[in-house]
Every structure is written in structure tokens, then in C-alpha cells.
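A short worksheet on the structure shown next.
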Amino acid sequence: MRYKIENEVVTFYLDNPKRTEDTTANQSFAGTGLTEKQVVVLADCLVKKFRGATLGTQQNATTHFLRPLFAYFKANKISWPTTSSDWQITIYSFFQFFLTNSNWSQALTAFRMREWQTRFGGLLEFLKEEEVIPHDIVIPKIDQKRIKSIAKDQPLLGQPRKKLVDLTTQPKKLLVDISVGMTDANYLNAVEKKCRHLIDVIRDTCQEHWEGLMKDGATGRTLAEIVTDAKIEEETAAKRFGTYSGKSHRLCLFASAAQPQGHNWALAVTRHKIATGSKIDCVSIRTLRASPFFRNDVFGHEIDRFSALSDLTALTREQRQAVQIPSQFYRFAGLLSNIDAAAACCLLTIEHPEFTSESLQDAKLLNVHGKPYLLLTDSHYHSILSVDKPRAGKRKSVVLSSRSQQLVKDILQWTAPVRDVLRRAGDKTWRYLFLGVKQRGGINGALGVIEGRPIYLHGGQDTIGLATLHPALSRNGLDKGSFDYRRLRNTLGVIRWFETGSILEMSRRLGNTRKVALEHYLPPALLHAWNTRIIRRFQNTLIVLAAYDEPYLLEVTDFSTMADLQHFIAQLIVDYPTKTSPLAEELQRRIGTAQHLEAGSSALVPGLLNVRLSPKSLAFLYSYSDLSKRMLTESDIDKIDVISGLAPRQFIDLATLLKHAAESNKIHASLSESLDVPLLKQVHGGALAMQAGLDAQFSRLAIKHHWAENL
476 MRYKIENEVV
486 TFYLDNPKRT
496 EDTTANQSFA
506 GTGLTEKQVV
516 VLADCLVKKF
526 RGATLGTQQN
536 ATTHFLRPLF
546 AYFKANKISW
556 PTTSSDWQIT
566 IYSFFQFFLT
576 NSNWSQALTA
586 FRMREWQTRF
596 GGLLEFLKEE
606 EVIPHDIVIP
616 KIDQKRIKSI
626 AKDQPLLGQP
636 RKKLVDLTTQ
646 PKKLLVDISV
656 GMTDANYLNA
666 VEKKCRHLID
676 VIRDTCQEHW
686 EGLMKDGATG
696 RTLAEIVTDA
706 KIEEETAAKR
716 FGTYSGKSHR
726 LCLFASAAQP
736 QGHNWALAVT
746 RHKIATGSKI
756 DCVSIRTLRA
766 SPFFRNDVFG
776 HEIDRFSALS
786 DLTALTREQR
796 QAVQIPSQFY
806 RFAGLLSNID
816 AAAACCLLTI
826 EHPEFTSESL
836 QDAKLLNVHG
846 KPYLLLTDSH
856 YHSILSVDKP
866 RAGKRKSVVL
876 SSRSQQLVKD
886 ILQWTAPVRD
896 VLRRAGDKTW
906 RYLFLGVKQR
916 GGINGALGVI
926 EGRPIYLHGG
936 QDTIGLATLH
946 PALSRNGLDK
956 GSFDYRRLRN
966 TLGVIRWFET
976 GSILEMSRRL
986 GNTRKVALEH
996 YLPPALLHAW
1006 NTRIIRRFQN
1016 TLIVLAAYDE
1026 PYLLEVTDFS
1036 TMADLQHFIA
1046 QLIVDYPTKT
1056 SPLAEELQRR
1066 IGTAQHLEAG
1076 SSALVPGLLN
1086 VRLSPKSLAF
1096 LYSYSDLSKR
1106 MLTESDIDKI
1116 DVISGLAPRQ
1126 FIDLATLLKH
1136 AAESNKIHAS
1146 LSESLDVPLL
1156 KQVHGGALAM
1166 QAGLDAQFSR
1176 LAIKHHWAEN
1186 L
């Protein structure tokens, strides 16, 4: 994103990697009284904030911010403020102008309020951060109250209220998932299990879709090879485009569904046009209908699905009915679609969450200077793919896994013919990874860059998505509003957090910094659910305390069965031992057992420590103690291990204590009997006999660098 100012007009050149010409947004500041230097300050801030953002975001920012701002200065004929008091008056005046003036916009007040709160106010705050606006200036805010009408929920006499409930299951008393009765570990395990299950569903579904696509493409190549290019050119030169039917007394075209070999001819002619074409519409519906081998209304009727292709496709009957007729044909012709790109992006995201959806969809094989972004190697080594992350302002390179490497090779094989056509047509988009057939510039079936946008995941009112073709996604709740690339990456990051318990590892998995991972990925996925669980669990604890001996206890809690309630109460008794908090005292007094009360009262009574020893374990302890005293400094001896929570000092003290007890003759007879000192001396003697060998082994321990020959 960049800009230039000329003749009192600021022109922004927006980031659009797939452009065929510059994408611009213009705003005139003529008559505003603003100087070019003042406009440069505003333009620099917009470029800094929105560089790397999507094209739509950049268009909205430049238009929705500068247009009302310039209109305000033009209408009021005021100069650029220079002091804090002038700035505060200007901000309040502009706020009133933005909401009430109808010359610059005819939008409703509610829309203007929403624009100010969601977009404009944030931009003014950014200008404060950049010190364009003084820091002491107050930016007005709008707190809207949403009043929901309940009129439709108030039926008249004779009109029953609709009840959308399943009478076979117990009703839930909350809109959220009732999991407060589970232990913390079980709750987190349930969250992790659900996350992994949904990822597996998406992976299996997309892999099934991709394998079916590859199968149909291979079938299409085999069928197209039956009719050679020489045969097509021979019939074209002779102007024979079909066979005459004596029964119907008319010409039956070679690529007609009425011909036994019609599907072979249709695929062969299409592939021939791709191999020789030099225009992006060489295999569009309009071009094929203009071909003498096809009818002029081909793909307009159900018969044009070609029954032979319907019998050979990997699509099910329901999927064939959902897919449009041209889409099924292009599938056999070896051309990718937007849905196919969406499936591939899901698989690549699962394998490499470092890639965002925008970076994958905008992935290129080469830059403008011919430098490759995809380094393919032989089968013994993995390939490297580099994609651009605009918001981060850098490129991200990863080593492809075996699954993603095979996927990329399939994409390259399918897109190679399309890439050649685009190069011959002089289209710059031939460098992109995802190429196929789509609707482009009003042309149905044009060749170009395909985009696996989120709508091709869940589908829409007039759009077919993966969830439309594969009901397994919808059955698992993966539909509109719950299935997109952002949620997919979030879930993969959370799974990594479950695996390692480390924000650092999670950030590495997502290709982000720890700050970004903590602020943008972990909280939305876990913290809201966890906080809700903590609140509901505490509320139910108070309810149990207040009504523990009442017959209506089950009704006032969040539980639907007595078994769930009893399980929750049992956890409270264990989780809140006596003398740990005032709440624990009340819980144990009201619902605890006498056994728990006695355990709490006797927790501080002195007792005996029973240690089960063997000559071997004691020998290891003695050897470790002597080695630590010889090799470690005093600071190292007192250093606590982060995993075990123990320091070498504790093992040394334990060894010293046991040696003293075994070798001392001053232990009283009564204590010697209770401690079983004779047995300790026997084990101690065996340990000393074994220690010499262990000391020799410990002395040979060392850490060495070892480089494998095959690395």
C-alpha cells in the first residue's frame, strides 16, 4: 500500500496481488484548506496501519475515513488545529458533523453510530498513538443499548407457543455446555478430545474429497486419450463434426451425450483446447457452445452430465445432484475449482498451521524476478514452500510434510496446463499456486486464480461448499459461523498447547510471537469457556451449601440428574479439605463425612515416615550423593530442578541421614526396634558393597557431541 498526492488529490495504490492493473482509491481535498504536508501526515498513518491488510479493509479505510474528514474541513472552512484545546473542539465538532450532516452521506443515524464506534473512533485513537493528535484529547464513544423485541414470543389466544425441543432427552438448564460437574483434568481432556475430533473430521473429509478428485481426473485423462489430437484435427479439417442419424434424420455431434463415445470426445476436445489455447476463456461455457463439436446449449440440460461420467465418478448420488453440470465436467477435464482449493487449503493448514488462509490462497511459485518460492526435491528429502504473510511484513518458509508435499505435487500437475494457457495469454496470474476454472469477468468457465474462501467451506444460499457435499461436517457442527480457517488455526494452536503446555511452543506452531499467540489465539478458545466454568462451578457450590438439606436441591442447580449432582458434591468434599479455607470449613461441616473431619484434625499430628529400601536403590543414592559432593558447586547443589521440584541437597541429606542411622551405636533400644535398625544395617552393608561398581560407572558418564554420518 502506497500513495501519491497530485493536484490536491491523494491516490492510494492498494495491495492487490492478483491485479491485472493498479487498484486505486482517490480522495480530493480541494477546498478543504488543508495543505499537502498535513494530508501527508494522515496518509502516512493510514499506510502504516493498513499495510498488509486485505484489499477490502484498505478500500474501506481510505474511503470511510478521509471522505467525511475532508467534507468536514470543506464545510466548516477551518484550519488544521495546533493546540490541545483547538483539537478537542475540532474532535467534538467533527463528531457532531459525522452523526448529523446529510450532505456528505445519506446513511441512517444508527449506521453512522456503528461506523464511529467500530471503525472511526479506533482510527482517531491510532492518530493519538502516532502523536498526530495530542494524547490528552478525549475521543467520544457511543454506547448503544440493544433492545430486543419479544412481541413475537407473546402468542394470542388460540395460538400455541412453538417448542423446538427433543422430548427424548433431558432439557438443559443453560445455553452453555454443562460441564461444571467434571474435574478440571476431565474438563480439559474433554476440550482436547473435542478439538482433536473436529480436526480429524476435517482432515478425513478433505482427504476424501481430494482423493476422489484425483481419481476422477485420472479417469478423465484416460477417457480423453481414446480420441487423439490427430483425430480431432483430421475431423476438423474435413469439417466432420458428427454422424448422421437415419433414425432421427439429423446430425448427432461427436461431443453429444447421445453419442456412445460422446463423453470421450467432449473431454478430448476440451483438453485439446487447453493445450493449444491462448485465451483465458478457451474452455469457457460460451467457447464450448461455439465449438462445432458441441451443441449450442450444451451443459444446459440434465442429459449433459454424460451418464458414463456419472457412473465413473467418485461422487455419490447426492453429491452429483448438488454439483452443477459444468463443474462435474470440468472435474473430469482436470481443472480445479474453488471448492477444491478450499479442501487443499484445509489440508495444508492442518499440516502447517504457520500458514494463514490469505498466505496460502495468495501463494506463488515464482516472484516477478523468477526466484522460486517452492523448492522441490527428490523423494528422499522434503520440499520447502515459502509464502508471504502481509500483516507480519515477512515471508514464512516451512519444510513440507510428506502429506503436504504430495498434495502440492498434485496441485502442480493439475495446474500445469492452465499455467501454460495463462502464460500464452500474457496473464500475470500464472505464477500463483492455485489455478483452475471459475467465473471471471462475467465469463463462466474462465481460467485463472481460484480462491478457497471460507464460503467454499461451509457453503451459502447460492454457493456450494464442502459442507454441502460432505454432510459429516454439518453433523459435527462444522457449518456456517463455526467453520473457517481462523477457527481451524486456533484449534490447532490449542491442541499444541495441550500437548506441551507451553505458549512458546504454541506460538512456534502458529508461526507467531508469544504475545500474538497469547492475545489472539489462546484466550478466545479456552479462557472464555474456562472462566464460564469457574463461575458456574462456584455458583453451584454456594447453592449446594445453602440448600444441601432441601428437597429442591436438584432443581436449583445446573444438573439434570441426581447422579451428576452427587458426583459434583463428592468432588467438593475432596477438593476442599478441612482447614484450607472458610468455604472448605463450611463444606466439610455440612456435607463432609466424619472420616474427612478426623483426617483434617489429625493432619498436623507427628508420625513415622516409612521408606522401603533395597541394597540397589540405597547404593544408587550413596553414589549419587558422593558424586554430587565431588562434582557440583554449592550453588548447583541447592539448585532446584524445575521438573521434579527437588534439589541435589535433599538427596545428599537423605543419604547422610540413612548412613548415620545405620552406622551409629547411640540409638536407644526402643527406637531401634521401631525403626528396624538391624534390617537397615543389613541393607546398608549390601549397598556399600555395590557402591564401588556404581562409582566406577558414574565416573565414566559424559556428554559428547555425536554427528550422524547420514545427516
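Its first residue numbered 476, the sequence shown is counted upward by one per residue in my numbering. No residue lacks a Cβ here, since even glycine has one placed at the ideal position from N, Cα and C.
Close beta carbons around residue i, own chain, < 7 Å, minus the five adjacent residues each side
| i | result |
| --- | --- |
| E483 | S503, F504, A505 |
| D500 | For clarity, residue 500 is Ala in the given sequence; the question names Asp instead. Hits under 7 Å: F487, L489, Q534, T537, T538. |
| G468 | In the structure as shown, the chain begins at 476 and stops at 1186. Residue 468 is therefore absent and cannot be evaluated. |
| Q1166 | A1094, Y1097, S1098 |
| R477 | Y488, V522 |
| L673 | N951, L953, T966 |
| L642 | Low confidence applies here, because L642 scores a pLDDT of 41, under 50, leaving its location unreliable and the question unanswered by this model. |
| I1044 | V1019, I1066 |
| I612 | S559, W562, Q563, I566, K603 |
| L826 | Position check: residue 826 holds Glu in this sequence, whereas Leu was assumed. Same-chain partners within the cutoff: S876, R878, S879. |
| R671 | I970 |
| I617 | M588, W591, Q592 |
| V1031 | I1018, A1022 |
| V516 | V607 |
Continuous beta strand (DSSP E) stretch holding residue i: start and end
| i | result |
| --- | --- |
| R725 | 725-728 |
| Y719 | 717-720 |
| T1055 | Where T1055 is concerned, there is no enclosing beta strand (DSSP E), given that its DSSP letter is neither H nor E. |
| T1108 | From DSSP, T1108 is part of no beta strand (DSSP E); its letter is neither H nor E. |
Those residues which DSSP pairs with residue i across a bridge
| i | result |
| --- | --- |
| Y478 | F487 |
| G923 | G911 |
| P847 | L841 |
| L860 | L849, V873 |
| Q502 | V485 |
| I918 | R915 |
Residue j beta carbon less than 8 Å from that of residue i
| i | j | result |
| --- | --- | --- |
| G927 | N813 | yes |
| F781 | A733 | no |
| I925 | R761 | no |
| F830 | K871 | yes |
| F573 | F595 | yes |
| L790 | V798 | yes |
| A693 | T745 | no |
| V1019 | L1058 | no |
| D675 | R806 | no |
| Y907 | A838 | yes |
| V773 | L763 | yes |
| E600 | I614 | yes |
| D704 | H747 | yes |
| C821 | I677 | yes |
| G737 | L726 | no |
Proximal residues to residue i (C-beta, below 6 Å), its chain only, five neighbours per side dropped
| i | result |
| --- | --- |
| P609 | S559, W562 |
| L1169 | A1094, S1098 |
| S1076 | Residue placement at S1076 cannot be trusted, given a pLDDT of 46 that sits under 50; the coordinates are not used to answer. |
| G752 | V896 |
| R1175 | none |
| K638 | Unreliable positioning characterises K638 in this predicted model, as indicated by a pLDDT of 45, which lies under 50. The coordinate reading is nonetheless provided below. Around K638: no qualifying Cβ. |
| P646 | The predicted position of P646 is uncertain, since its pLDDT is 44 and thus under 50; a value taken from the coordinates is nonetheless stated next. So the list is empty, once near-sequence residues are dropped. |
Chain-order list of residues whose beta-carbon lies under 8 Å from that of residue i (same chain, five-residue window excluded)
| i | result |
| --- | --- |
| E1060 | T1053, K1054 |
| F1173 | S1098, Y1099, L1102 |
| T644 | A caution first: T644 carries a pLDDT of 46, below 50, which makes its placement in the model unreliable, though a value can still be read off. Excluding sequence neighbours, T644 sits near nothing in its chain. |
| V514 | I480, V485, F504 |
For residue i, the first and last residue of its enclosing alpha helix (DSSP H)
| i | result |
| --- | --- |
| K524 | 511-525 |
| V1031 | 1028-1031 |
| F973 | 960-975 |
| T711 | 704-712 |
| V1158 | 1152-1174 |
| P828 | From DSSP, P828 is part of no alpha helix (DSSP H); its letter is neither H nor E. |
| F807 | 800-807 |
| R764 | 760-765 |
| E793 | 792-797 |
| D1128 | 1123-1138 |
For this session: List in chain order: all unbroken alpha helix (DSSP H) runs of 4+ residues lying wholly within the region 528-614.
Result: 530-551, 559-575, 584-590, 596-604
Problem set entry | Length at least 4, wholly inside the region 730-755: the alpha helix (DSSP H) runs in chain order | 737-751
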